[in-house]
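These notes concern the structure reproduced below.
2 protein chains.
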Amino acid sequence: MTGFPQLDAFRGGPGLVRLVGHRGARGVMPENTMEGFAFTLLAGVSLLEFDVVLTRDGVPVVTHNHHLDGAATRDAAGNWLMGQGPRVAELTLNELHGYDVGGVDVRSSYGRQFCDQVLLDGVRVPCLGDLLDLGHDPRFADLHFLLELKSDPALRDDARAREAFVAAIVAKVRDRGMAGRTILHSFDWHLLDVCRRAAPEMPTSCLSQMPETVDALCAGGLSGFVSQDCSLPRMVADAGGQLWCPNVEDVTPELVAEARRLDLIVLAWTVNETGDIDRMIEAGVDGIVTDYPGRAQHRLRLRGARW
Amino acid sequence: MTGFPQLDAFRGGPGLVRLVGHRGARGVMPENTMEGFAFTLLAGVSLLEFDVVLTRDGVPVVTHNHHLDGAATRDAAGNWLMGQGPRVAELTLNELHGYDVGGVDVRSSYGRQFCDQVLLDGVRVPCLGDLLDLGHDPRFADLHFLLELKSDPALRDDARAREAFVAAIVAKVRDRGMAGRTILHSFDWHLLDVCRRAAPEMPTSCLSQMPETVDALCAGGLSGFVSQDCSLPRMVADAGGQLWCPNVEDVTPELVAEARRLDLIVLAWTVNETGDIDRMIEAGVDGIVTDYPGRAQHRLRLRGARW
Chain A
110 MTGFPQLDAF
120 RGGPGLVRLV
130 GHRGARGVMP
140 ENTMEGFAFT
150 LLAGVSLLEF
160 DVVLTRDGVP
170 VVTHNHHLDG
180 AATRDAAGNW
190 LMGQGPRVAE
200 LTLNELHGYD
210 VGGVDVRSSY
220 GRQFCDQVLL
230 DGVRVPCLGD
240 LLDLGHDPRF
250 ADLHFLLELK
260 SDPALRDDAR
270 AREAFVAAIV
280 AKVRDRGMAG
290 RTILHSFDWH
300 LLDVCRRAAP
310 EMPTSCLSQM
320 PETVDALCAG
330 GLSGFVSQDC
340 SLPRMVADAG
350 GQLWCPNVED
360 VTPELVAEAR
370 RLDLIVLAWT
380 VNETGDIDRM
390 IEAGVDGIVT
400 DYPGRAQHRL
410 RLRGARW
Chain B
110 MTGFPQLDAF
120 RGGPGLVRLV
130 GHRGARGVMP
140 ENTMEGFAFT
150 LLAGVSLLEF
160 DVVLTRDGVP
170 VVTHNHHLDG
180 AATRDAAGNW
190 LMGQGPRVAE
200 LTLNELHGYD
210 VGGVDVRSSY
220 GRQFCDQVLL
230 DGVRVPCLGD
240 LLDLGHDPRF
250 ADLHFLLELK
260 SDPALRDDAR
270 AREAFVAAIV
280 AKVRDRGMAG
290 RTILHSFDWH
300 LLDVCRRAAP
310 EMPTSCLSQM
320 PETVDALCAG
330 GLSGFVSQDC
340 SLPRMVADAG
350 GQLWCPNVED
360 VTPELVAEAR
370 RLDLIVLAWT
380 VNETGDIDRM
390 IEAGVDGIVT
400 DYPGRAQHRL
410 RLRGARW
């Protein structure tokens with residue numbers, strides 16, 4: 110738990126709750142875009158959560174799904190794709206950059222959740238390297254990255270492909286000099302094992318959502334992570350993670366207290382509703398991952414807390 | 110109506126409705142701040158509405174009221190002022206910059222309207238010159254200014270003070286080379302007379318809100334503006350304005366059509382609710398002044414309109 114300076118940026122404390130921008134700040138700006146990250150930083154939130162996959166030509170890019178989301182992606186003619194878009198792993202970077210990810214289709218069930226989100230034209234899926242380079246801007250000396258590795262179900266049993274995926278991301282982070290400001294984050298705790306071997310200088314963050322997480326750990330013959338009492342914080346600690354990132358619905362004050370005893374940092378996601386924000390503060394989490402940084406700031410301020 | 114190139118940026122047309130950011134984008138960012146204007150530009154909205162008054166030492170600054178608003182202003186200790194704050198005209202710029210305008214107190218009736226607005230620390234009331242200088246940034250070549258002059262009731266009968274107020278603002282706009290991208294905007298139509306004399310190169314925009322506007326025009330012995338049928342567009346045209354900026358509640362398709370016949374540009378304010386946005390589009394306004402640019406963009410896009 111020591112020797113990871115980047116953890117300090119995510120650790121809460123008395124009167125201190127960290128704010129992490131979810132895919133930038135999805136409530137306000139198109140998710141996982143440079144424009145959205147720029148806004149998040151402008152909002153005084155310097156901890157960025159985002160998702161990484163690889164293009165066919167092996168470039169780590171920042172987008173949430175293995176397939177482009179038809180409700181958030183337009184073609185060259187400016188029309189939303191609708192339904193499931195192409196698989197990123199089957200597109201070159203150049204082909205990927207033919208799509209516009211500058212906003213959601215509010216006629217879709219997904220887009221309807223984000224009717225106030227800004228709608229831009231000509232926005233491209235960012236390269237991971239371009240996002241990391243923001244860390245060199247002297248205005249953003251506090252910028253840290255919560256980098257989610259999207260585990261590809263198609264490659265679940267291909268150990269070499271999984272190692273190559275991790276290696277490409279780790280190489281990019283090191284190349285841009287941001288290893289000391291990056292945490293590797295995944296629902297796939299076994300992939301985080303690969304990360305720990307490939308990049309011992311970067312902490313790992315175990316995402317969880319119940320009951321899927323425990324089911325997945327058990328079903329995959331992965332019961333090595335499942336301890337007798339099945340407490341998620343204990344499982345994260347046993348797995349070798351430094352952060353536990355539970356779904357907001359799974360957080361209780363007791364589990365947070367246990368995580369603290371295990372010296373884990375707890376970041377809850379995705380914490381958007383006022384009641385959830387308040388409940389997470391009361392539960393004592395280190396930080397919250399939110400689409401609405403302004404809303405969370407006001408709830409914290411009302412309690413005299415900083416972020 | 111000719112000879113004012115800056116009008117083109119505000120003129121709508123078939124499938125084109127202009128978006129004007131209200132005090133930046135008050136729904137998202139602290140109003141009338143450089144941070145808020147930066148966000149508005151990031152959101153693809155390059156028409157900025159804002160308010161100007163003078164400090165005691167004669168510096169034009171960007172803030173809405175003659176008095177600092179206690180619900181949106183904190184003292185050096187970080188506490189909101191509550192109630193009415195000091196009069197800007199009685200503060201030097203240096204004294205004014207002792208206050209923090211980085212967000213609202215959501216416990217107040219004013220702040221409660223903007224619970225999602227970002228909350229920042231250490232934000233200062235901008236100088237008009239700094240805002241105008243954004244126009245020199247090559248990224249913001251489309252940036253135009255809808256500059257509201259806040260008429261001071263305490264100086265209503267002091268013609269020299271009113272002329273000095275206008276002169277200070279006009280001098281700043283010219284000094285920064287932005288006269289060709291600025292429109293002078295006020296509820297005080299007589300002050301706009303002063304503007305037209307002082308700055309014939311800048312169009313003027315008559316704000317209205319019924320019934321206060323006609324009452325004020327008549328009560329002040331200002332019935333010269335009030336034509337027989339009392340139609341607001343006709344009054345604006347007679348007064349010499351190029352834009353009519355009605356409160357959203359006062360807009361009808363008939364009045365918009367009349368304004369068009371008079372070659373006036375119509376910008377409605379403050380258009381935040383979805384139903385109002387739709388109604389303004391249907392009424393055929395040239396543009397809408399909004400606190401929520403993202404929301405308005407989606408409503409326009411659903412109708413295939415640009416902005």
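Listed in order, the protein sequences are those of chains A and B. So in the numbering used here, the last one in the first sequence is 416, and the numbering has no gaps at all. So in the numbering used here, the last one in the second sequence is 416, and the numbering has no gaps at all. Don't be surprised by glycine CBs; every beta carbon is placed ideally from N, CA and C. Keep in mind the model is a prediction, meaning the values are calculated, not measured.
Kindly indicate which three-state DSSP category residue i falls into: helix, strand or coil?
i                      : result
residue 304 of chain A : helix
residue 406 of chain B : helix
residue 145 of chain A : helix
residue 257 of chain B : strand
residue 110 of chain A : With a pLDDT of only 45 at residue 110 of chain A, under 50, the local geometry of the prediction cannot be trusted, and no value is derived from it.
residue 327 of chain A : helix
residue 245 of chain A : helix
residue 298 of chain A : helix
residue 272 of chain B : helix
residue 347 of chain A : helix
residue 356 of chain A : strand
residue 119 of chain A : coil
residue 199 of chain A : helix
residue 310 of chain A : coil
residue 280 of chain A : helix
residue 396 of chain B : strand
residue 180 of chain A : coil
residue 193 of chain A : strand
residue 365 of chain B : helix
residue 213 of chain B : coil
residue 158 of chain A : strand
Is it true that the CB of residue j sits closer than 9 Å to the CB of residue i?
i                      : j                      : result
residue 180 of chain A : residue 227 of chain A : no
residue 373 of chain B : residue 349 of chain B : no
residue 209 of chain B : residue 185 of chain B : yes
residue 326 of chain B : residue 278 of chain B : no
residue 308 of chain A : residue 283 of chain A : yes
residue 246 of chain A : residue 285 of chain A : no
residue 313 of chain B : residue 341 of chain B : no
residue 291 of chain A : residue 311 of chain A : yes
residue 157 of chain B : residue 240 of chain B : yes
residue 255 of chain B : residue 300 of chain B : no
residue 302 of chain A : residue 260 of chain A : no
residue 381 of chain B : residue 136 of chain B : yes
residue 229 of chain B : residue 139 of chain B : yes
residue 164 of chain B : residue 197 of chain B : yes
Closer than 8 Å: is that where the CB of residue i sits relative to any heavy atom of the ligand HEM?
i                      : result
residue 218 of chain A : You won't find the ligand HEM in this model; it holds no ligand whatsoever.
Can you give me the Cβ contacts of residue i inside the same chain, cut-off strictly under 7 Å, excluding the 5 residues immediately before and after it?
i                      : result
residue 402 of chain A : 128, 130, 134, 149, 152, 154
residue 346 of chain A : 371, 373
residue 385 of chain B : 357
residue 271 of chain B : 264, 300, 303
residue 168 of chain A : 202, 236
residue 110 of chain A : At residue 110 of chain A, the pLDDT of 45 sits below 50, so the modelled position is not reliable; the number obtained from the coordinates is stated separately. 351, 372, listed in sequence order.
residue 114 of chain B : 289
Give me, in chain order, the residues of the same chain whose beta-carbon lies closer than 8 Å to that of residue i; leave out the 5 immediate sequence neighbours on both sides.
i                      : result
residue 141 of chain A : 132, 133, 159, 160, 171, 172, 173, 210, 234, 235
residue 360 of chain B : 375, 377, 388, 389, 392, 394
residue 415 of chain B : 124, 125, 126, 409
residue 194 of chain B : 176, 177, 178, 179, 182, 208
residue 366 of chain B : 393
residue 187 of chain B : 209, 230
Could you name the residues of chain E that residue i contacts, counting a contact when the two beta carbons are closer than 9 Å?
i                      : result
residue 202 of chain B : In summary, chain E is missing from the structure at hand, where the protein chains are A and B.
- Pair every Cβ in the region 390-410 of chain B with every Cβ in the region 121-130 of chain A, then say whether three or more of these pairs are closer than 8 Å. no
- Looking at chain B, which residues of the region 111-139 of chain A have a Cβ within less than 7 Å of any of its Cβ atoms? 137
- Message: If the cut-off is 7 Å on Cβ atoms, which residues from the region 143-168 of chain B count as contacting chain A, listed in chain order?
- Response: 144, 147, 148, 151, 152, 153
- Query: Of the residues that make up the region 204-227 of chain A, which ones have a beta carbon closer than 7 Å to any beta carbon in chain B?
  - Reply: 215, 224, 225, 226, 227
- Task: Answer yes if the region 218-225 of chain B comes into contact with the region 267-281 of chain B, meaning at least three C-beta pairs across the two stretches below 8 Å, and no otherwise.
- Result: no
- May I ask you to verify whether the region 111-120 of chain A touches the region 199-206 of chain A, counting CB pairs closer than 8 Å and requiring at least 3? no
- Can you give me, in chain order, the residues of the region 375-406 of chain A that have a beta carbon less than 7 Å from any beta carbon in chain B? 401, 402, 403, 404, 406
- Task: Output, in sequence order along the chain, the residues in the region 237-258 of chain A whose CB is closer than 7 Å to any CB in chain B.
- Result: none
- Message: Taking beta-carbon pairs under 8 Å, can you tell me which members of the region 173-190 of chain A lie near chain B?
- Response: none
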